[in-house]
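In terms of full-length UniProt numbering, the sequence shown has 112 at position 112, counting the first letter as 1, and numbering is strictly consecutive.
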Amino acid sequence: MLSTTYEYFAEKVGAGESVIFLPAGGFSGNEGLNIAEYLQVDFETHMIDLPDIGRSSGISGKVTSIVLADWVKEYMDRREMKNAVVIGHSLGGAVALSFARHYPERVRTLILLDQGHKPFPKVPTSEFGIFAYAFPLLNAGVKLFGERLLKRLETFFKESGNGDFDRQVTNFCAHVNVEETRYVRTALRSQTDFSARGLNLMFGYYNLDIPGLLNNIAVPTRVYYATFAELDDRERRRTEHYVKKLRDRRLPVTWHAVKGGHFVHWNENFSLEDIKQNAMFRRGEGGK
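Right, dumping it as structure tokens:
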């Protein structure tokens, strides 16, 4: 099998041992800027754009957990990183989880932000609204027709952009129940449309067995999951159901419930100090 060479775009903050941050779908790597700045005295955080959802080149062909793992590994290999603290949110968390599953020796600790504890819904209305009801059919179509269909779908995922950025920020913060900060504004200003290969990544994510990956994890892992309490009762019950199932198993996972919605790292109840202390605890086990 021929190896693939990718182009990566990453913003780096701080100095010291390596941290990798992988963002949610639709966001650039700087979605993790609040974490990177908090860690900057002791760690160098690499905030990496996901493949073709941002400025990193895309993945062609079938996207699987090992393909995602190899994508992260290539980034680390080029920079001669022996291992790193790996942090991922949402889609980025799925990439991080895939990497930790296949290359545990390269991960000092894995930090998942509202990821790993439950499967991606088959009808993802929270992410795509009414368009989500077409996802199962589109997923089958992508498997059959590949990039030809993905090219046609590009236009449905492009933002219209009315130019009123302040209103966009206000609406977003109200929708996901977070306070407006410069970090939120920076991330929203850097949002990107889904290209065909970005959509290829999205449908690959759709087909991953997320709880199955976590069930086979071998590295110290912390999962910060949104409770959705007082926000979305259906999602609250769904979250409780899957977390209970995983808690009953002896996994190397520490669970942190964050009262609020999906963007846990922007939530006032989220502890950046906890992230730092956990990274510091593992730092003696290897560096760049």
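For glycine and all other residues, C-beta sits at the position ideal for the given N, C-alpha and C.
As the structure is a computational prediction, the values presented were derived from the model and not from experiment.
Residues bridged to residue i (per DSSP)
{"i": "K12", "result": "H46"}
{"i": "T192", "result": "Answer by DSSP bridge pairing: none, since T192 is not bridged."}
{"i": "V142", "result": "In the DSSP output, where bridge partners are listed per residue, V142 has none listed."}
{"i": "P51", "result": "S56"}
{"i": "F21", "result": "M47, I87"}
{"i": "I111", "result": "I87, R222"}
Enclosing beta strand (DSSP E) for residue i [first to last residue]
{"i": "A226", "result": "221 to 226"}
{"i": "I87", "result": "84 to 89"}
Contact belief for residue i with residue j at Cβ below 8 Å, rounded distance in angstroms
{"i": "K82", "j": "P211", "result": "That belief does not hold up - the Cβ atoms of K82 and P211 are roughly 29 Å apart, past 8 Å."}
{"i": "E44", "j": "V19", "result": "7 Å"}
{"i": "Y224", "j": "L33", "result": "Incorrect: roughly 17 Å between the Cβ atoms, too far for contact."}
{"i": "G88", "j": "L68", "result": "Their Cβ separation, rounded to whole angstroms, is 10 Å, which puts G88 and L68 out of contact at 8 Å."}
{"i": "H262", "j": "A226", "result": "5 Å"}
{"i": "Y75", "j": "I53", "result": "Their Cβ separation, rounded to whole angstroms, is 15 Å, which puts Y75 and I53 out of contact at 8 Å."}
{"i": "P51", "j": "L208", "result": "That pair is no contact at about 15 Å."}
{"i": "P252", "j": "A218", "result": "7 Å"}
{"i": "A24", "j": "L91", "result": "5 Å"}
{"i": "G26", "j": "T186", "result": "Not quite, the Cβ-Cβ distance comes to about 14 Å (not below 8 Å), so this is no contact."}
{"i": "residue 290", "j": "I275", "result": "Because the chain is modelled from 1 through 288, residue 290 falls outside the range shown and cannot be assessed."}
Boundaries (first-last residue) of the alpha helix (DSSP H) holding residue i
{"i": "G212", "result": "210 to 215"}
{"i": "F27", "result": "Run containing F27: none; DSSP gives neither H nor E here."}
{"i": "H256", "result": "Segment 253 to 258 is the beta strand (DSSP E) holding H256; no alpha helix (DSSP H) there."}
{"i": "T170", "result": "165 to 176"}
{"i": "Y242", "result": "233 to 247"}
{"i": "S65", "result": "65 to 78"}
Whole-angstrom distance between residue j and residue i, CA atom to CA atom
{"i": "F270", "j": "A257", "result": "9 Å"}
{"i": "G204", "j": "L39", "result": "31 Å"}
{"i": "G29", "j": "K244", "result": "31 Å"}
{"i": "A279", "j": "T239", "result": "26 Å"}
{"i": "K122", "j": "Q115", "result": "16 Å"}
{"i": "K288", "j": "D77", "result": "With a pLDDT of 47 at K288, under the threshold of 50, the modelled position of this residue cannot be trusted, and the question is left open."}
{"i": "V86", "j": "E80", "result": "15 Å"}
{"i": "L272", "j": "L213", "result": "26 Å"}
{"i": "N171", "j": "L231", "result": "15 Å"}
{"i": "V178", "j": "K259", "result": "11 Å"}
{"i": "L199", "j": "D42", "result": "36 Å"}
{"i": "D166", "j": "C173", "result": "11 Å"}
{"i": "F21", "j": "S56", "result": "14 Å"}
{"i": "G14", "j": "W255", "result": "27 Å"}
{"i": "V72", "j": "A96", "result": "8 Å"}
{"i": "E105", "j": "N216", "result": "14 Å"}
{"i": "E31", "j": "F281", "result": "24 Å"}
{"i": "P220", "j": "Q277", "result": "14 Å"}
{"i": "L188", "j": "V169", "result": "7 Å"}
{"i": "F120", "j": "H241", "result": "14 Å"}
{"i": "K62", "j": "R222", "result": "29 Å"}
{"i": "D233", "j": "V176", "result": "14 Å"}
{"i": "A84", "j": "A134", "result": "38 Å"}
{"i": "L137", "j": "L246", "result": "30 Å"}
{"i": "E11", "j": "R250", "result": "36 Å"}
{"i": "D70", "j": "E17", "result": "21 Å"}
{"i": "R197", "j": "T5", "result": "15 Å"}
{"i": "T181", "j": "E268", "result": "11 Å"}
{"i": "T109", "j": "S190", "result": "28 Å"}
{"i": "A94", "j": "G163", "result": "32 Å"}
{"i": "R148", "j": "Y206", "result": "19 Å"}
{"i": "D248", "j": "Y8", "result": "39 Å"}
{"i": "V107", "j": "I35", "result": "18 Å"}
{"i": "V142", "j": "R236", "result": "31 Å"}
### Task
Specify whether the stretch 64 to 79 and the stretch 95 to 108 touch according to this definition: at least 3 beta carbon pairs, one from each stretch, less than 8 Å apart.
With a cut-off of 8 Å, the stretch 95 to 108 and the stretch 64 to 79 count as touching, because enough Cβ pairs lie within range.
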